[in-house]
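>
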Amino acid sequence: MIILGIESSCDETSAAVVKDGRRLLSNVVNSQVDIHAAYGGVVPEVAARSHIEVINPVIHQAMEEAGVSWDDIDAVAVANAPGLIGSLLVGTLAARTLAELHNKPLYPVHHVEGHIYANFIVEQTEHPVSSRSVTSVSDTKSEEQPETQSRRETVSETERNRKGDLKLPSSQPVFPMLALAVSGLHSQLVLFEDHGKYRLLGETLDDAVGEAFDKVARMLGLPYPGGPSIAQAAEHGDLKKYVLPKAKLKSPYDFSFSGLKTAVLRAVQREAGVDHTFASSGLPERLNESQKADFAASFQYIAVKTLVDATVKATQEFQPASVVIAGGVAANQELRHQLSERLPLSIEYAPVNLCTDNAAMIAALGYYQAQVLSPTPVDNVSVYPSLSMSQTAWNS
Ligand code: KG4
Ligand code: ZN
54 MIILGIESSC DETSAAVVKD GRRLLSNVVN SQVDIHAAYG GVVPEVAARS HIEVINPVIH
114 QAMEEAGVSW DDIDAVAVAN APGLIGSLLV GTLAARTLAE LHNKPLYPVH HVEGHIYANF
174 IVEQTEHPVS SRSVTSVSDT KSEEQPETQS RRETVSETER NRKGDLKLPS SQPVFPMLAL
234 AVSGLHSQLV LFEDHGKYRL LGETLDDAVG EAFDKVARML GLPYPGGPSI AQAAEHGDLK
294 KYVLPKAKLK SPYDFSFSGL KTAVLRAVQR EAGVDHTFAS SGLPERLNES QKADFAASFQ
354 YIAVKTLVDA TVKATQEFQP ASVVIAGGVA ANQELRHQLS ERLPLSIEYA PVNLCTDNAA
414 MIAALGYYQA QVLSPTPVDN VSVYPSLSMS QTAWNS
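Numbers 54 to 449, taken from our numbering, label the letters of the sequence shown in order.
1) Could you check what DSSP says for T429 in three-state terms: helix, strand or coil?
2) Distance, Cα to Cα, G144 vs A325?
3) What residue does the beta strand (DSSP E) around G139 start on, and which one ends it?
4) Could you tell me which whole alpha helix (DSSP H) segments of length 4 or greater appear in the region 248-284?
5) Which residues share a DSSP beta bridge with A130?
6) According to the neighbour-count rule (16 or more other Cβ atoms, all chains shown, within 10 Å of its Cβ), is K301 buried or exposed?
7) Just verifying my parser: in three-state terms, what is the DSSP assignment at N80?
8) Grab me the residues of Q391's own chain with a C-beta within less than 6 Å of its C-beta, minus the 5 sequence neighbours each way, in chain order.
9) How big is the Cα-Cα spacing for Y295 and I55?
10) Listed in chain order, which residues are found with a beta carbon closer than 5 Å to a heavy atom of the ligand ZN?
11) Run the CB neighbour count on Y92, radius 10 Å, all protein chains shown included, and call it buried at 16 or more, exposed below.
12) Under a three-way DSSP split, which group does V71 fall into?
13) Helix, strand or coil: how does DSSP classify P308 here?
14) With a cut-off of 8 Å, do at least 3 Cβ pairs link the region 128-138 to the region 159-170?
15) Here's a check: name, in chain order, each residue in its chain whose Cβ is nearer than 6 Å to the Cβ of W447, leaving out the five neighbours to either side.
16) Excluding five sequence neighbours on each side, which residues of the same chain lie with their C-beta closer than 8 Å to the C-beta of P469?
17) Leaving aside the five residues before and after W123 along the sequence, list all residues of the same chain whose C-beta is less than 6 Å from its C-beta, in chain order.
18) Just to check, is the beta-carbon of E264 closer than 7 Å to a non-hydrogen atom of the ligand KG4?
19) What does DSSP give as the partner residues of C245 in its beta bridges?
20) Should the region 330-342 be called in touch with the region 307-322, which here means at least 3 C-beta pairs below 8 Å?
21) When you compare the region 364-376 with the region 336-356, are there three or more beta-carbon pairs, one atom per stretch, that lie closer than 8 Å?
22) Would you check if there are 3 or more beta carbon pairs closer than 8 Å linking the region 85-100 to the region 57-67?
Here it is, written out as structure tokens:
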């Protein structure tokens with residue numbers, strides 16, 4: 054069964070073609086990172102407009118790279134929740150229109166659950182393509198978008214990816230499966246008994262861990278998105294230089310990152326020789342590169358340790374047959390390092406470009422939903438900016 058997946062919940066426009074929930078035929082991602090970097094974060098209106106500009110060429114390119122026509126596509130899956138409402142609307146309306154036009158079943162899927170299904174992609178075509186951006190998009194570029202330089206860079210990245218294989222896990226995860234889903238909006242531990250049968254063990258009570266990476270990066274004057282910037286700066290830093298607190302909560306499976314973020318702010322203010330009323334925007338210029346690297350390393354170490362402590366404890370208590378990590382923060386090498394060291398069972402990781410937002414994971418999840426559930430009538434597929442995983446199509 055061949056599924057076309059569509060993803061536009063935040064600031065990446067993506068379309069992918071996946072066979073039988075495991076074989077990647079194509080995955081095209083048009084990232085808006087360069088556009089939002091100028092603002093230090095995602096601007097919802099700008100994101101929605103950019104999705105509109107590229108959604109059609111992205112879908113077209115995904116099908117072309119997979120070598121499929123509409124006759125070959127068995128169903129369409131789209132991430133319709135959670136996310137930015139304007140962004141979700143673009144992908145969802147495109148999916149609805151195409152499903153109606155080509156008479157294909159439509160499966161709305163949950164974005165965070167989709168992240169977890171990146172781990173089910175274990176095969177790829179001989180010349181797999183997991184491309185960033187699309188060459189044809191530059192034709193549709195609006196005059197208001199300034200950066201021709203970054204546009205050129207994303208196109209050359211397409212070329213680079215085209216040459217190299219993705220390093221995929223050797224086999225699919227087995228149930229019961231423990232999933233740590235960590236992104237810019239979510240931090241959750243979920244225990245899966247089977248496809249669609251899961252329970253939430255814990256989640257963040259305030260900021261998501263990716264959000265904490267992004268905010269700390271801003272305090273240190275590191276570029277957006279903060280996760281990769283912190284990881285890069287941390288490579289040259291001393292993770293023991295600053296002792297930062299780990300939140301103590303009632304449930305061992307819940308998370309809290311707001312206190313950690315404030316603790317970093319206070320420590321940075323102390324180091325910069327200013328008091329707690331000093332605005333965070335003025336801090337980066339008072340720190341040298343080595344102090345920034347030490348803060349990045351110390352923050353990353355404790356944020357990751359928090360995630361790993363909970364995952365290890367849940368593994369001991371629930372004895373899953375497999376553990377997976379998912380979401381943008383799953384790209385973090387320190388997280389992979391600490392988990393591999395401490396988990397009592399071996400773990401495989403999805404390639405980094407299937408951890409950050411992409412449509413391949415949406416198509417993979419769509420396949421497993423299609424094995425069990427009826428498609429949703431096109432007119433009933435709405436968008437839900439803050440839907441929990443316990444309210445998805447599996448549970449209705
Ligand atoms: O899943 P994702 O691409 O989008 C959301 O659904 O939120 O996750 C984005 C988040 C951002 O907060 C970003 O800073 C973080 O993932 N991230 C990372 C890394 N790469 C992306 N965090 C830590 N280390 C990384 N290497
Ligand atoms: Zn995501």
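A virtual CB, placed ideally from N, CA and C, is assigned to each residue, including glycine. Every value quoted in this text rests on a predicted model; they were computed, and no experiment measured them.
On the basis of the coordinates in this document:
1) coil
2) 45 Å
3) In the DSSP annotation of this structure, G139 is not part of any beta strand (DSSP E); the continuous alpha helix (DSSP H) holding it starts and ends at 138-155.
4) 262-273
5) G58, Y160
6) Classification of K301: exposed, given that the 10 Å Cβ count is below 16.
7) strand
8) So the qualifying residues of the chain are V357, V361.
9) 50 Å
10) S236, D410
11) exposed
12) V71 falls in the strand class under three-state DSSP.
13) For the record, residue 308 in the displayed sequence is Phe; it is not Pro. In the structure shown, F308 sits in a strand (DSSP, three-state: E or B).
14) Under the three-pair Cβ rule at 8 Å, the region 128-138 counts as touching the region 159-170.
15) G249
16) The structure shown does not extend to residue 469, since the chain is modelled only from 54 to 449, so the question has no answer here.
17) Excluding five sequence positions before and after W123, the CB atoms of its chain that fall closer than 6 Å to its own CB belong to H155, given in chain order.
18) yes
19) Looking at the sequence shown, residue 245 is not Cys but Phe. For F245, which the question treats as bridged, DSSP gives the partners M230, Y251.
20) yes
21) no
22) yes
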